[in-house]
């Protein structure tokens, strides 16, 4: 019996895990090239204007990576201080985005643009403001994507990030990093020039 258990464990470790890893590598990306360009064009008008192009790209890449890493049915654990487990994760919110990308493309065509990304920033901003206010205004940015609003999800992804917290306080808050208690009584260090 012990030999069979060891054999099953060995097979699972050496064959099943690599197969799952390979399946993740071979899965289709959550966004097409055109959709990623649209996300970048949205980021240009909804994220702080003093972000560099590289910082905006990092924000879009972080948003896309969240969907690459998303696993349906994953154990959600429990919240801090809660004793009950949450329901496993549901379907990826990315499935709710295609009609929203189409709406952005149609709005751009109505304004004479070939694509949303091809419109001037002012035109993109007007479209984004209209979408965020109709039919029901978006009053809250989600901490993680929900699929209800592509634009709000992208904004929420950035504005709840460690980079945004550091920029807001102009200090190295390092919100998403594990720090020791050694220097917890000290004020956070100011941001270095060129780092946001």
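Numbering (my numbering), first residue to last: 30 to 225.
Ideal Cβ positions, reconstructed from N, Cα and C, are used throughout, including at glycine.
As the structure is a prediction and not an experimental result, all values here were calculated from the model.
How is residue i classed by DSSP in three states: helix, strand or coil?
i	result
residue 149	coil
residue 172	coil
residue 219	strand
residue 72	helix
residue 214	coil
residue 200	strand
residue 79	coil
residue 163	coil
residue 187	helix
residue 209	coil
residue 193	helix
residue 227	This structure cannot settle anything about residue 227, because the visible part of the chain is limited to 30 through 225.
residue 181	helix
Which residue from the options puts its Cα closest to that of residue i?
i	options	result
residue 187	113, 96, 76	76
residue 167	178, 173, 128	178
residue 90	158, 61, 65	65
residue 71	199, 61, 86, 106	86
residue 124	148, 164, 101, 141	101
residue 198	139, 114, 221	221
residue 67	189, 153, 119, 84	153
residue 163	95, 148, 180	180
residue 79	200, 213, 196	196
residue 63	97, 112, 130	130
If residue i sits next to residue j, beta carbons under 8 Å apart, how far is it from one beta carbon to the other, in whole angstroms?
i	j	result
residue 69	residue 193	The Cβ separation is near 17 Å, so there is no contact.
residue 74	residue 150	6 Å
residue 176	residue 128	About 11 Å; that fails the 8 Å criterion.
Item to check | Inside the stretch 90-144 only - alpha helix (DSSP H) runs reaching at least 4 residues | outcome: 127-139, all fully within the stretch 90-144.
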